[in-house]
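All remarks here apply to the structure that follows.
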Amino acid sequence: MYASIKSFASSFFVTGDPLIYGADVSIGLTTVAILFVLFYFKKWGWLWREWLTTVDHKKIGMMYLIASLLMLFRGGVDALLMRAQLAMPNVHFLQAEHYNEVFTTHGTIMILFMAMPMMFGLFNMVVPLQIGARDVAYPYLNAVSFWLFFFGAMLFNISFVIGGSPDAGWLSYPPLSEMSHSPGVGQNFYIWGIQISGIGSLATGINFIVTILKMRAPGMKLMKMPMFSWSVLSSSIIIIFAFPILTVTLALLFIDRFLGGHLFTMDGGGNPMMYVNLIWMWGHPEVYIVVLPAFGIFSEIVATFSRKRIFGYKSMVFALMSISILSFFTWVHHFFTMGAGADVNVFFAIATMAIGIPTGAKVFNWLFTMFRGRIRLEQPMLWTLAFIPCFVVGGATGVMLAVAPADYQYHNSYFLIAHFHQVLIGGVVFGYLAGIYYWWPKLFGFKLNERLGKWAFWLWNIGFYVCFMPQYALGFMGMTRRVYTYGWDLGWGPLNLVSTIGAFLMGIGFVFQVWQILYSVKYGERDTTGDPWNGRTLEWSIPSPPPMYNFAVVPYAGEQDSFWEEKERRDFAPAPPVPVAQLEAIHMPRNSGVPFIFSACWFVAGFGFVFDWLWMAILGMVGVGVTLLVRSFQYDTDYYVPVEEVIETEIAAGRAI
Amino acid sequence: MKKSSKLRGLMLLITGLAGVLLLSGCEGKFVVFDPQGPVAETQYRLIILSAILCAIVVIPVLAITAFIVIRYRDKPGNTAPYKPHWDDSKVLEVLWWGIPIIIIGILGAYTARDTYGLAKKPVVTDVKPIKIQVTSLDWKWLFQYPDQNIATVNYVHIPAGVQVDFELTSDAPMNSFWIPQLGGQEYTMPGMAMSLWLQADRPGEYYGTGANFTGKDFAHMRFNVVAESQADFNKWVESVKGSNNELTKAGYETLATPGQSDEQSFSSYPSDLFDSVVMKNGGHHMDMNKDEDSKAPANSDDKSKSDTKEGHDMDDMSGMDMNNSNSSEMNHNHQ
Chain A
1 MYASIKSFAS SFFVTGDPLI YGADVSIGLT TVAILFVLFY FKKWGWLWRE
51 WLTTVDHKKI GMMYLIASLL MLFRGGVDAL LMRAQLAMPN VHFLQAEHYN
101 EVFTTHGTIM ILFMAMPMMF GLFNMVVPLQ IGARDVAYPY LNAVSFWLFF
151 FGAMLFNISF VIGGSPDAGW LSYPPLSEMS HSPGVGQNFY IWGIQISGIG
201 SLATGINFIV TILKMRAPGM KLMKMPMFSW SVLSSSIIII FAFPILTVTL
251 ALLFIDRFLG GHLFTMDGGG NPMMYVNLIW MWGHPEVYIV VLPAFGIFSE
301 IVATFSRKRI FGYKSMVFAL MSISILSFFT WVHHFFTMGA GADVNVFFAI
351 ATMAIGIPTG AKVFNWLFTM FRGRIRLEQP MLWTLAFIPC FVVGGATGVM
401 LAVAPADYQY HNSYFLIAHF HQVLIGGVVF GYLAGIYYWW PKLFGFKLNE
451 RLGKWAFWLW NIGFYVCFMP QYALGFMGMT RRVYTYGWDL GWGPLNLVST
501 IGAFLMGIGF VFQVWQILYS VKYGERDTTG DPWNGRTLEW SIPSPPPMYN
551 FAVVPYAGEQ DSFWEEKERR DFAPAPPVPV AQLEAIHMPR NSGVPFIFSA
601 CWFVAGFGFV FDWLWMAILG MVGVGVTLLV RSFQYDTDYY VPVEEVIETE
651 IAAGRAI
Chain B
1 MKKSSKLRGL MLLITGLAGV LLLSGCEGKF VVFDPQGPVA ETQYRLIILS
51 AILCAIVVIP VLAITAFIVI RYRDKPGNTA PYKPHWDDSK VLEVLWWGIP
101 IIIIGILGAY TARDTYGLAK KPVVTDVKPI KIQVTSLDWK WLFQYPDQNI
151 ATVNYVHIPA GVQVDFELTS DAPMNSFWIP QLGGQEYTMP GMAMSLWLQA
201 DRPGEYYGTG ANFTGKDFAH MRFNVVAESQ ADFNKWVESV KGSNNELTKA
251 GYETLATPGQ SDEQSFSSYP SDLFDSVVMK NGGHHMDMNK DEDSKAPANS
301 DDKSKSDTKE GHDMDDMSGM DMNNSNSSEM NHNHQ
């Protein structure tokens with residue numbers, strides 16, 4: 001009996017590595033600390049009512065933001081572990097298996113559990129405010145999306161202390177990811193962690209398409225809509241076409257692993273290339289899913305901080321839409337060297353290069369927005385300015401990679417690694433950070449400290465170039481991705497050391513940002529006006545933080561940058577308060593605990609599938625079914641905020657008389 | 001204050017980059033920039049061409065960015081024009097949509113030319129090409145020389161100035177076969193045999209590696225490529241033949257078990273080894289191998305070998321084609 005418990009425990013818990021034991025201890029301590037705080041301050045009710053059951057898009061956005069920053073920390077620690085291992089030849093810091101797990105989780109977490117939620121956080125925090133809506137189209141579904149993401153991410157994350165992490169790369173090519181070569185539970189965690197959160201992502205895509213198409217303020221024609229909302233629309237369109245492919249691909253891999261299928265192995269008549277095609281049919285559009293909203297953020301910030309209308313609005317919209325279509329015709333450039341043949345390679349090479357055309361046009365439009373403007377170098381604008389050179393160089397190396405025969409030399413090398421980190425950090429991370437700095441005062445009511453922010457900015461930027469420029473060179477020296485060690489003979493040592501130093505500089509930059517947030521909570525400059533940056537779009541017309549119903553009176557938005565135009569008409573005098581008689585009761589969605597419980601049931605089911613414990617999987621799925629049933633019999637899903645409450649809130653904010 | 005911190009950052013950046021260049025200058029071996037054969041040469045020229053074309057766009061953009069940011073700063077006394085409502089210019093839009101289209105047109109044309117050029121079999125010369133069959137294993141490389149009937153592990157000798165017809169497969173997860181100085185890589189995949197033509201112009205030793213992740217000891221999947229004169233190559237073949245170290249079927253099974261390996265050479269090997277490895281991993285499901293199923297295993301005489309070559313050549317196969325062919329082959333049951 002004792003022996004069988006012991007052998008179970010040793011396969012269930014990951015053992016044998018001091019780093020993992022450290023993680024066990026810190027996870028344990030953090031959990032105890034959180035529970036202690038909740039019990040000691042009797043915050044359980046508050047947590048449940050205000051957060052776990054909320055359907056308010058602003059709170060959901062904040063939860064996305066917190067989760068994504070935690071994941072940025074986790075993925076960042078993974079990155080630093082890798083760079084430490086590669087700092088010099090023949091380092092014995094991580095074992096091969098451990099290193100493989102670290103780079104697999106780094107990639108998966110950064111794309112799916114950091115970039116995606118940070119993006120959804122910004123969608124949620126900004127889009128309804130920007131288009132003059134009181135919530136998203138499906139607030140309940142929005143909560144479902146968040147909790148599915150959250151529990152999917154948790155399922156993926158526990159793999160490194162329970163059962164073992166996936167180690168077949170972030171795209172898990174078969175046959176390496178099949179039972180034959182990855183018999184442990186790591187790949188199951190990969191399949192179910194992503195699958196559960198992926199359903200949430202798809203739902204978010206649908207939610208925001210409907211929100212943007214159906215819930216814009218009166219007068220806001222599509223071609224008057226702010227650029228960020230346009231970018232969210234184009235990104236959501238890609239989501240609804242790309243994510244179903246991911247869902248199906250993972251389901252097929254699941255069939256191979258659990259039911260002994262041979263969909264992706266040659267020996268049963270399947271084909272691993274099928275998987276590679278499918279995963280990249282999702283994977284390449286995914287890159288544009290995360291980068292397009294960043295383009296929208298830059299457009300907003302450039303216009304605001306240059307005090308000038310965005311240049312070439314129509315061609316910006318056209319560029320967004322053409323990128324979202326072209327993004328589906330480039331996936332083969334991830335495997336030019338898999339023998340697809342010259343016709344196929346030429347088509348996908350040129351389609352890939354073609355993406356550079358609208359992207360390049362956008363860069364020029366941003367530049368000419370600044371041209372003849374008045375540029376204020378505050379934090380959001382600094383990140384935007386840092387993005388331009390970084391992304392231009394990253395885009396250029398992307399075009400170089402698209403040259404199919406030359407790609408035979410870059411493929412799987414550090415040149416590729418440097419390129420995609422340059423577009424993903426320079427484009428996506430810088431973009432989202434710019435967006436967070438920009439909209440932070442709107443959502444939280446205070447600005448983030450400028451001095452600490454500048455430290456973070458310079459550390460991130462210098463660290464970035466020091467880290468990734470050497471990697472281009474390493475690619476030309478023949479260094480391939482995912483090697484956990486290398487010898488002295490190839491001369492890769494010095495450049496790798498420099499690269500590692502750069503990575504740690506970025507890590508210190510992140511520490512400064514955490515410090516900045518903690519410091520600003522207490523000492524940050526409070527935003528009493530609701531319009532700290534002299535903004536142009538509707539979200540700046542309401543108080544910071546916005547009341548639960550956003551707009552007491554639904555605004556009319558007949559112009560592009562309508563808030564700015566209105567301010568110009570008023571000669572920048574403060575808006576006159578609204579007479580109380582004009583206020584009405586406001587229709588709002590009711591909170592619900594079902595999304596949380598529903599997603600927790602998915603977690604249980606996913607955990608059961610991971611360990612092949614059918615009883616647990618069935619239990620979880622029954623829970624999923626029951627929660628769905630419960631919801632379908634809930635009729636009391638909305639209510640009216642009484643007009644007295646609206647009046648009281650608005651008078652307190654000085655917005656009504 | 002603001003300005004000096006910015007300047008400091010810039011200085012740091014420049015010193016950092018200069019440091020990188022200097023360090024790499026004295027230590028590194030830029031194998032991709034050191035083409036030693038016609039394939040690598042073509043790819044190298046394309047890399048340089050694309051870098052120049054990109055630089056034509058990138059450098060002016062960076063210059064314009066710096067100019068605009070300095071000129072239009074919001075600081076007291078800035079006399080630069082401020083036109084908050086100027087947001088459209090057809091001329092400018094046509095310019096910056098047009099220039100990238102032209103550049104990508106040029107680059108696309110060169111890309112197409114060389115993609116087709118390299119996909120074709122090289123021009124036949126009076127020097128007969130040599131064939132080498134490559135199998136990626138966990139975690140080592142097996143090279144078979146069907147004409148010489150010898151095999152090596154983790155190193156390969158080739159005659160210089162002779163076209164080499166590498167035939168690639170895998171008896172493990174898919175890998176990618178890469179000798180940067182001779183030319184770009186190509187995937188090795190279980191159940192498929194792909195063809196990669198490379199050539200070394202001069203004698204020398206080149207670095208070869210696996211490029212696609214295959215698990216635990218992937219980092220050690222490196223091999224040495226020795227290009228030498230035909231006479232030296234022949235001498236080497238004789239010495240390997242004389243070593244009297246046969247690779248048997250059982251020996252192959254041992255070799256194929258996961259683990260690293262030192263360099264090894266074998267004086268002979270079972271002649272159908274490569275084809276049987278392809279078949280074992282599901283090669284019989286591939287359309288192009290259909291006629292192979294009924295045939296006796298390929299022997300070492302020239303004629304049947306050239307058939308095998310035709311049968312395995314996947315150059316013109318797209319991924320989609322293969323998937324289609326599989327469904328019709330699902331009920332094949334030769335194992």
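Protein chains in written order, with the UniProt record's numbering: chain A, 1 to 657; chain B, 1 to 335. From the three backbone atoms N, C-alpha and C, an ideal C-beta is built for every residue, glycine too.
One question on the structure: do residue i and residue j come within less than 8 Å of each other, judged by their Cβ atoms?
{"i": "residue 389 of chain A", "j": "residue 169 of chain B", "result": "no"}
{"i": "residue 69 of chain B", "j": "residue 110 of chain A", "result": "no"}
{"i": "residue 666 of chain A", "j": "residue 554 of chain A", "result": "As displayed, chain A neither begins before 1 nor continues past 657, which places residue 666 of chain A out of reach and without an answer."}
{"i": "residue 207 of chain B", "j": "residue 490 of chain A", "result": "yes"}
{"i": "residue 242 of chain A", "j": "residue 282 of chain A", "result": "yes"}
{"i": "residue 64 of chain A", "j": "residue 117 of chain A", "result": "yes"}
{"i": "residue 136 of chain B", "j": "residue 215 of chain B", "result": "no"}
{"i": "residue 439 of chain A", "j": "residue 126 of chain A", "result": "yes"}
{"i": "residue 281 of chain B", "j": "residue 273 of chain A", "result": "no"}
Does the beta-carbon of residue i, which I'm using as the reference point, lie nearer than 7 Å to any heavy atom of the ligand COA?
{"i": "residue 125 of chain A", "result": "No copy of the ligand COA appears in this structure; indeed no ligand is present at all."}
Could you tell me the boundaries of the alpha helix (DSSP H) in which residue i lies?
{"i": "residue 298 of chain A", "result": "272-306"}
{"i": "residue 440 of chain A", "result": "430-444"}
{"i": "residue 183 of chain B", "result": "No alpha helix (DSSP H) contains residue 183 of chain B, which is instead part of the beta strand (DSSP E) from 183-188."}
{"i": "residue 144 of chain B", "result": "Taken as a continuous stretch (DSSP letters only), residue 144 of chain B belongs to no alpha helix (DSSP H), being part of the beta strand (DSSP E) at 140-145."}
{"i": "residue 638 of chain A", "result": "First-last for residue 638 of chain A: 638-641, but that is the beta strand (DSSP E), not the alpha helix (DSSP H)."}
{"i": "residue 29 of chain A", "result": "18-40"}
Taking the continuous beta strand (DSSP E) assigned at residue i, which residues delimit it?
{"i": "residue 196 of chain B", "result": "194-199"}
{"i": "residue 158 of chain B", "result": "155-159"}
{"i": "residue 310 of chain A", "result": "Here residue 310 of chain A belongs to no beta strand (DSSP E), and DSSP marks it neither H nor E."}
{"i": "residue 254 of chain A", "result": "Element bounds for residue 254 of chain A: not the beta strand (DSSP E) but the alpha helix (DSSP H), 227-259."}
{"i": "residue 177 of chain B", "result": "175-179"}
{"i": "residue 566 of chain A", "result": "Here residue 566 of chain A belongs to no beta strand (DSSP E); instead the alpha helix (DSSP H) covers 562-569."}
Please compile the residues from chain A whose C-beta is within a distance smaller than 7 Å of the C-beta of residue i.
{"i": "residue 86 of chain B", "result": "372"}
{"i": "residue 51 of chain B", "result": "400"}
{"i": "residue 65 of chain B", "result": "367, 388, 389"}
Chain D partners of residue i, CB-CB under 8 Å?
{"i": "residue 107 of chain A", "result": "Of the protein chains in this structure, namely A and B, none is chain D."}
What does residue i touch in chain B if you count any residue whose Cβ is under 9 Å from its own?
{"i": "residue 346 of chain A", "result": "108, 111, 112, 115, 116"}
{"i": "residue 313 of chain A", "result": "87, 88"}
Would you say residue i reaches chain B, if we count a Cβ-Cβ gap shorter than 8 Å as a contact?
{"i": "residue 308 of chain A", "result": "yes"}
{"i": "residue 536 of chain A", "result": "no"}
{"i": "residue 476 of chain A", "result": "yes"}
{"i": "residue 486 of chain A", "result": "yes"}
{"i": "residue 570 of chain A", "result": "no"}
{"i": "residue 173 of chain A", "result": "yes"}
Against chain A, does residue i count as a neighbour if the rule is that its beta carbon must be under 8 Å from one of theirs?
{"i": "residue 315 of chain B", "result": "Residue placement at residue 315 of chain B is poorly supported in this model, since its pLDDT is 43, which falls under 50; the coordinates still yield a value, given next. For residue 315 of chain B, the answer is yes, since a Cβ of chain A falls inside 8 Å of its Cβ."}
{"i": "residue 137 of chain B", "result": "no"}
{"i": "residue 29 of chain B", "result": "yes"}
{"i": "residue 104 of chain B", "result": "yes"}
{"i": "residue 93 of chain B", "result": "yes"}
{"i": "residue 160 of chain B", "result": "no"}
{"i": "residue 176 of chain B", "result": "yes"}
In chain A, what lies closer than 8 Å to residue i by C-beta?
{"i": "residue 72 of chain B", "result": "306, 370, 371, 372, 373, 374, 375"}
Would you mind telling me which residues of chain B sit closer than 7 Å to residue i, beta carbon to beta carbon, in chain order?
{"i": "residue 294 of chain A", "result": "The premise fails here: residue 294 of chain A is roughly 17 Å from chain B at the closest Cβ pair, so nothing lies under 7 Å."}
{"i": "residue 364 of chain A", "result": "96"}
{"i": "residue 272 of chain A", "result": "174, 189"}
Give the interface partners of residue i over in chain B, defined as CB-CB distance under 8 Å, in chain order.
{"i": "residue 78 of chain A", "result": "Within chain B, no residue comes near residue 78 of chain A; the closest Cβ sits about 16 Å away, beyond 8 Å."}
Check your understanding: Which full runs of the alpha helix (DSSP H) of 4+ residues lie inside the stretch 395-433 of chain A, going along the chain?
Key -> DSSP runs (the alpha helix (DSSP H)) wholly in the stretch 395-433 of chain A: 404-410, 414-423.
Review point. Fully enclosed by the stretch 205-276 of chain B, which alpha helix (DSSP H) runs are 4 residues long or longer?
Key: Whole alpha helix (DSSP H) segments, 4+ residues: 230-242, 249-256.
Exercise for review: Write down every uninterrupted run of the alpha helix (DSSP H) in the stretch 316-381 of chain A whose length is 4 residues or greater and which is fully enclosed by it, in chain order.
Suggested key: Listed in chain order, they are 342-370.
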